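Participant: In our numbering, the protein residues as written are 10 to 266.
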Amino acid sequence: MSRVFITGSSDGLGQMAARLLIEQAHEVVLHARNQQRGQEALSAVPGAETVVIGDLTSIAQTRKVAEEVNALGAFDAVIHNAGIGYREPRRIATEDGLPHVFAVNTLAPYILTALIHRPKRLIYLSSGLHQSGDASLRDLTWEQRAWQGQQAYSDTKLHDVLMAFAVARHWPDVFSNALEPGWVATKMGGAGAPDNLDAGHRTQVWLAVSDDPAAMVTGEYFYHMRLRTPKPAARDVERQEALLAACKRLSGVALFN
Ligand SMILES: NC(=O)c1ccc[n+]([C@@H]2O[C@H](COP(=O)([O-])OP(=O)(O)OC[C@H]3O[C@@H](n4cnc5c(N)ncnc54)[C@H](OP(=O)(O)O)[C@@H]3O)[C@@H](O)[C@H]2O)c1
Numbered sequence: 010m011s012r013v014f015i016t017g018s019s020d021g022l023g024q025m026a027a028r029l030l031i032e033q034a035h036e037v038v039l040h041a042r043n044q045q046r047g048q049e050a051l052s053a054v055p056g057a058e059t060v061v062i063g064d065l066t067s068i069a070q071t072r073k074v075a076e077e078v079n080a081l082g083a084f085d086a087v088i089h090n091a092g093i094g095y096r097e098p099r100r101i102a103t104e105d106g107l108p109h110v111f112a113v114n115t116l117a118p119y120i121l122t123a124l125i126h127r128p129k130r131l132i133y134l135s136s137g138l139h140q141s142g143d144a145s146l147r148d149l150t151w152e153q154r155a156w157q158g159q160q161a162y163s164d165t166k167l168h169d170v171l172m173a174f175a176v177a178r179h180w181p182d183v184f185s186n187a188l189e190p191g192w193v194a195t196k197m198g199g200a201g202a203p204d205n206l207d208a209g210h211r212t213q214v215w216l217a218v219s220d221d222p223a224a225m226v227t228g229e230y231f232y233h234m235r236l237r238t239p240k241p242a243a244r245d246v247e248r249q250e251a252l253l254a255a256c257k258r259l260s261g262v263a264l265f266n
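Below, the structure written as structure tokens:
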């Protein structure tokens, strides 16, 4: 039996992954943005151990999420699932002055990776759209560029792959992988999404707990439980390090010394 923490498990793929893990007799700690969503998450996922509360748009609250997770003891796996989509019509600034999408999709998993006691497995939810992410990493916070919601989202999903691969390199004792779930009909994906919703949560569960040798690898990218080739720039060590350096500067949290 494994113990798994899943960010953004009040809805969508995070909630589905939580249910499947519990069905398989694993222990799951949920996460939601506020108390009300936390209560809703607990009702929707019977058998979950508890829920940790914190809005990932806020650096302070994200740090607190990590503290609360650590206070719950050790975890075998963390699934960095929480995310916001590509439909933000303008640059919405967080309390820290960052674009929402960057704060939730890039900086929050960075901070949580740095501050949560190291699990055995880390899984980062990316997207096929990471292929269109800007590998130059210029203007990460959209101060110079004219806002484009889909580009901002795609950039962050490339960041998630860069992060997974950087962590795999730095922590060889941890399985750190990224995946794309397919375009599926969650709140984010929208009702008309064409891919198989039932396949959308299985890869992250498999990577989190399975003894299948194919799941016990690191620094890889998956789609529907099979290896898929990520954007080649994601393998570029200099870019990986540049992203980590930027996240360190923007969050004040160091992932590696
Ligand atoms: N659906 C797709 O087609 C698709 C495709 C490719 C990749 N993905 C990736 O899959 C992951 C899950 O997406 P999904 O489709 O399941 O989306 P979803 O249904 O919109 O669920 C997103 C989850 O993240 C939570 N969340 C968002 N912002 C948060 C914040 N500031 N603080 C705390 N929690 C927050 C949401 O909380 P609330 O419920 O309170 O909003 C929800 O639990 C994302 O990383 C996404 O990029 C999805």
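Note that beta-carbon positions come from the ideal geometry of N, C-alpha and C, so glycine has one too.
Just so you know, these numbers come straight off a predicted model, no measurement behind them.
1. Would you report the Cα separation of residue 103 and residue 111, rounded to the nearest angstrom?
2. Using the rule of at least 16 other Cβ atoms within 10 Å of the residue's Cβ for burial, across every protein chain shown, is residue 240 buried or exposed?
3. Given that a residue counts as buried once 16 or more other Cβ atoms are within 10 Å of its Cβ, and exposed if not, what is residue 128?
4. In terms of residue numbering, what span does the alpha helix (DSSP H) encompassing residue 174 cover?
5. How many Å lie between residue 232 and residue 194 at the Cα?
6. In terms of residue numbering, what span does the beta strand (DSSP E) encompassing residue 232 cover?
7. Using the DSSP secondary-structure output, state which residues sit across from residue 185 in a beta bridge.
8. How about residue 90 and residue 17: are their beta carbons less than 8 Å apart?
9. At the level of alpha carbons, what is the spacing between residue 161 and residue 153?
10. Evaluate residue 59 with the Cβ neighbour count: other Cβ atoms within 10 Å of its Cβ, from every protein chain shown; 16 or more gives buried, anything less gives exposed.
11. For ligand 1, I want to know if residue 92 counts as a neighbour, meaning its beta carbon is within less than 7 Å of at least one of the ligand's heavy atoms.
12. Rounded C-beta distance between residue 213 and residue 134? I'm assuming under 8 Å.
13. When the distance is taken between beta carbons, is residue 62 closer than 8 Å to residue 87?
14. Looking at the unbroken beta strand (DSSP E) that takes in residue 36, where does it start and where does it end?
15. Residues in the same chain with beta-carbon distance under 6 Å from residue 255, minus the five sequence neighbours each way, listed in chain order, please.
16. Hey, residue 13 and residue 218 are a contact pair by Cβ (cut 8 Å); roughly how many whole angstroms apart?
17. As a quick exercise: from 157, 236, 257 and 100, pick the residue whose alpha carbon is nearest that of residue 190.
18. Under 7 Å: does the beta carbon of residue 197 sit that close to some heavy atom of ligand 1?
19. Any idea if residue 196 is buried or exposed, counting beta-carbon neighbours within 10 angstroms, 16 or more meaning buried?
20. With contact counted as at least three CB pairs below 8 Å, one residue from each stretch, are the region 31-48 and the region 159-173 in contact?
21. Indicate whether residue 71 and residue 114 have their beta-carbon atoms separated by less than 8 Å.
22. Taking C-beta to C-beta, are residue 39 and residue 26 nearer than 8 Å?
23. If I follow the unbroken alpha helix (DSSP H) through residue 16, where does it start and stop?
24. Once the 5 residues before and after residue 243 are set aside, which same chain residues still bring their CB inside 7 Å of it?
25. Since residue 216 contacts residue 132 with CB under 8 Å, what's their CB separation in whole angstroms?
Facilitator: Here's the rundown:
1. As a working mapping, residue 103 is identified with position 94 in the sequence shown. As a working mapping, residue 111 is identified with position 102 in the sequence shown. When rounded, the distance between both Cα atoms is 10 Å.
2. Against the sequence shown, residue 240 aligns to sequence position 231. With 16 or more Cβ atoms within 10 Å of its Cβ, residue 240 is classed as buried.
3. Taking the first residue of the sequence shown as 1, we reach residue 128 at position 119. So residue 128 ends up on the buried side.
4. Working through the sequence shown from its first residue, we reach residue 174 at position 165. Start and end: 158-179.
5. Indexing the sequence shown from 1 puts residue 232 at position 223. Indexing the sequence shown from 1 puts residue 194 at position 185. Going from the Cα of residue 232 to the Cα of residue 194 covers about 16 Å.
6. The count along the sequence shown starts at 1 and reaches residue 232 at position 223. Membership of residue 232 in the beta strand (DSSP E) is indicated by the continuous run 230-232.
7. In the sequence shown, counting from the first residue as 1, residue 185 sits at position 176. Residue 185 is bridged to 131.
8. Start at 1 with the first residue of the sequence shown, and residue 90 comes out as number 81. Start at 1 with the first residue of the sequence shown, and residue 17 comes out as number 8. Cβ atoms of residue 90 and residue 17: closer than 8 Å.
9. Translated into positions along the sequence shown, residue 161 becomes position 152. Translated into positions along the sequence shown, residue 153 becomes position 144. Straight-line Cα distance between these residues: approximately 13 Å.
10. Along the sequence shown, read from residue 1 onward, the residue named residue 59 stands at position 50. Exposed, by the Cβ-count rule.
11. Translated into the one-based positions of the sequence shown, residue 92 becomes position 83. Yes.
12. To locate residue 213, count along the sequence shown from 1; it is residue 204. To locate residue 134, count along the sequence shown from 1; it is residue 125. Going by Cβ atoms, the distance from residue 213 to residue 134 rounds to 7 Å, so yes, they are a contact pair.
13. Taking the first residue of the sequence shown as 1, we reach residue 87 at position 78. Taking the first residue of the sequence shown as 1, we reach residue 62 at position 53. Cβ atoms of residue 87 and residue 62: not closer than 8 Å.
14. To locate residue 36, count along the sequence shown from 1; it is residue 27. Per DSSP, residue 36 belongs to the beta strand (DSSP E) from 36-41.
15. By 1-based counting over the sequence shown, the position of residue 255 is 246. Around residue 255: 149.
16. In the sequence shown, residue 13 corresponds to position 4, counting from 1. In the sequence shown, residue 218 corresponds to position 209, counting from 1. Confirmed, Cβ separation roughly 7 Å.
17. By one-based count along the sequence shown, residue 190 stands at place 181. Closest option to residue 190, Cα to Cα, is 236.
18. Taking the sequence shown and counting its residues from 1, the one referred to as residue 197 is at position 188. Checking the Cβ of residue 197 against ligand 1 gives yes.
19. Position 187 of the sequence shown, counted from the first residue, corresponds to residue 196. With fewer than 16 other Cβ atoms within 10 Å, it is exposed.
20. no
21. Position 62 of the sequence shown, counted from the first residue, corresponds to residue 71. Position 105 of the sequence shown, counted from the first residue, corresponds to residue 114. Not a contact, by the Cβ cut-off of 8 Å.
22. Residue mapping note: residue 39 aligns to position 30 of the sequence shown, counting from 1. Residue mapping note: residue 26 aligns to position 17 of the sequence shown, counting from 1. Pairing residue 39 with residue 26 gives a Cβ-Cβ distance that is not under 8 Å.
23. As a first step, residue 16 is located in the sequence shown; it is residue number 7 there, counting from the start. First-last for residue 16: undefined, no H or E at that position.
24. By one-based count along the sequence shown, residue 243 stands at place 234. 167, 170, 171 and 174.
25. Numbered from its first residue, the sequence shown carries residue 216 at position 207. Numbered from its first residue, the sequence shown carries residue 132 at position 123. Contact holds; Cβ gap of about 5 Å.
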